[in-house]
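Structure, as structure tokens:
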Ligand code: IMP
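In our numbering, the protein residues as written are 863 to 1366.
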């Protein structure tokens, strides 16, 4: 006879946290959201940690380079989508890794023999009025000067017959930083010489990057940013269990910090084979998460296979129709609780702590806190990030409202059959995801700031200052269907501010 689980599978909206004692020390500014990203032995530090417990979903509509940089600035990690060619995924990883925090590659470059008309054209294209003059006109050419719109008066010169080299500030008169200086050293030079930007050059006078005064100030506003040892943003990538032998080396070469096998169902021999290949070829130096699973059996299998973290969730994603199409899955809250039990047991028996990622189905910000309380170490979000400016999906207007397009990896639009692959012929036979719209919500920084503030406040209500403490000490209650309605505004007529302000 089939095995029947005793409890129904439940979702986050069915639970609430019951406050614990809040002492004078339990204030939001003291809450640490630092959390392990990869497995570690008891008493040791993980090789990679997140400063905030958020990662962005391995999806075409979510994790592109711009969002990856914005999220790493806040302390989280993006997993760049794998449903694209190896070359274009590697280019995206390279783009993130070349955006060194505070050091930016020069996007406005011109040759000394170009005309002032060319300078104006380039300014219109890039919107930047300061340009590097390099011997070959490329961003990594030999720096011979800088030209800005203050160097000539458009109305007084013959734009077509005046050369950049006659108007630029030549290299001898420039203040430059040497490659290898730290951001704060670069900033000292900027202040000492009252500059707006500092070109950084290597020993051959080749241009490496710029440090802009305004970017440094912005950098100071992101104390949680997640950087590697060379001060580059940390970034991950989704891979599949078909072409990993070509994809992984190319992505490593591009600078990828961590991988995840992106699959809707990860309790499979294909995942074990993929991890084994990584271990055989790179040992433990290459980090790889696996999933998705929804019970202890799936967790133990991936733990034994050597996964660095395990991802939980089948069928809970906002765009997901896997449960309807295939009848597989489990409520996300129950799945997280059950997998966390297996993880804790594994830790007790082996002394190896494997971080868990709760993936999909987060609707309210407090669902993230619940996922953490239930044992997840971080969450993965698709819909949440798809709403932001930095996501690679388009803004459109629908019935007069600004929306962003959001489509599942299993939709006909993404055609990511590798994610749903169970062996056999490599093609998509039916859809497991939909194509949809989500409301446009502005910048990632503003939204993530607000979300984290809510998480910190809830943790203070629970009297805890770290995620590990929350996992140990949280008190959780199930809510009855009747009491759910008590949770929102009820038995009042909510005032419509828009109507009132129109009426004056
Ligand atoms: P969301 O945060 O609720 O939008 O869920 C995002 C998660 O849904 C992703 O991280 C994937 O695990 C999962 N997902 C992405 N695309 C699909 C799909 O087409 N079908 C089913 N699940 C999907």
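By construction, the Cβ of each residue, glycine as well, lies at the ideal position given by its N, Cα and C atoms.
Contact between residue 1170 and residue 1150 holds, with the beta-carbon distance rounding to 6 Å and staying under 8 Å.
Within the segment 1169-1235, the complete beta strand (DSSP E) segments at least 3 residues long are 1171-1174 and 1218-1221, listed from N- to C-terminus. Counting the other CB atoms within 10 Å of its CB gives residue 944 a total of 16 or more, which places it among the buried residues. A Cβ-Cβ contact shorter than 7 Å links residue 1005 with residue 996.
Burial of residue 1122 is indicated by the presence of at least 16 other C-beta atoms within 10 angstroms of its C-beta. The closest heavy atom of the ligand IMP lies 6 Å or more from the beta carbon of residue 1131.
Close CB contacts of residue 1069 within its chain, under the 7 Å cut and outside five residues either way in sequence, are with 968, 994, 996, 1001, 1002, 1003, 1005, 1061 and 1063 (chain order). As computed with DSSP, residue 993 is found in a beta bridge with 1009. Less than 7 Å separates the beta-carbon of residue 1302 from that of residue 1266. When 1316, 1040, 1007 and 1071 are compared, the shortest CA-CA separation from residue 1030 is found for 1007.
Residue side-chain check: residue 1182 places its Cβ nearer than 6 Å to a non-hydrogen atom of the ligand IMP. The beta carbon of residue 925 sits closer than 7 Å to those of 918, 919, 940, 941, 942 and 943, all from its chain and outside the five residues before and after it, given in chain order. For residue 1230, the distance from the CB to the nearest heavy atom of the ligand IMP is not below 6 Å. The C-beta distance from residue 881 to residue 1215 rounds to 27 Å, too long to fall under 8 Å, and the pair is not in contact. Closest by C-alpha distance to residue 1042, out of 1092, 1020 and 1034, is 1092. Across the set 1185, 1104 and 1346, the C-alpha of 1104 shows the shortest separation from the C-alpha of residue 1281. A Cβ-Cβ separation of about 7 Å places residue 938 in contact with residue 1088 under the 8 Å criterion.
Here DSSP, grouped into helix, strand and coil, assigns residue 1097 to coil. Contact between residue 1333 and residue 1237 holds: CB atoms are separated by about 6 Å, below the 8 Å threshold. Between residue 1273 and residue 1295, the C-beta spacing is below 7 Å. Of 1034, 903 and 886, the smallest CA-CA separation from residue 1212 is found for 903.
In the DSSP assignment, residue 981 falls within the unbroken alpha helix (DSSP H) covering 978-988.
Contact annotation: residue 1167 and residue 1137 have beta-carbon atoms nearer than 7 Å. A residue is called buried when at least 16 other Cβ atoms come within 10 angstroms of its Cβ; residue 1190 does not meet this threshold and is exposed. Distance from the CA atom of residue 988 to the CA atom of residue 1306, rounded to whole angstroms, is 23 Å. Under the three-state reduction of DSSP output, residue 1159 falls in the helix class.
Annotation for residue 1108: 948 place their beta carbon closer than 7 Å to its own, counting only its chain and skipping 5 residues before and after. Within the same chain, 916, 918, 919 and 1224 come within 7 Å of residue 1243 by CB-CB distance, once the 5 residues on both sides are set aside.
Taking 7 Å as the cut-off, the Cβ atoms of residue 1086 and residue 913 count as close. With 16 or more other Cβ atoms inside 10 Å of its own Cβ, residue 1124 counts as buried. DSSP places residue 914 outside any beta strand (DSSP E), giving it a letter other than H or E. Note that the segment 1308-1326 touches the segment 878-894; at least 3 beta-carbon pairs, one per stretch, sit closer than 8 Å.
DSSP places residue 1261 in the coil class of the three-state scheme, outside both helix and strand.
Distance from the Cα of residue 1059 is smallest, within the candidate group 892, 1032, 1067 and 1037, for 1037. Taking C-beta atoms as the reference points, residue 1227 and residue 1313 count as a pair closer than 7 Å. By alpha-carbon distance to residue 1231, the top candidate from 1324, 1102 and 1299 is 1324.
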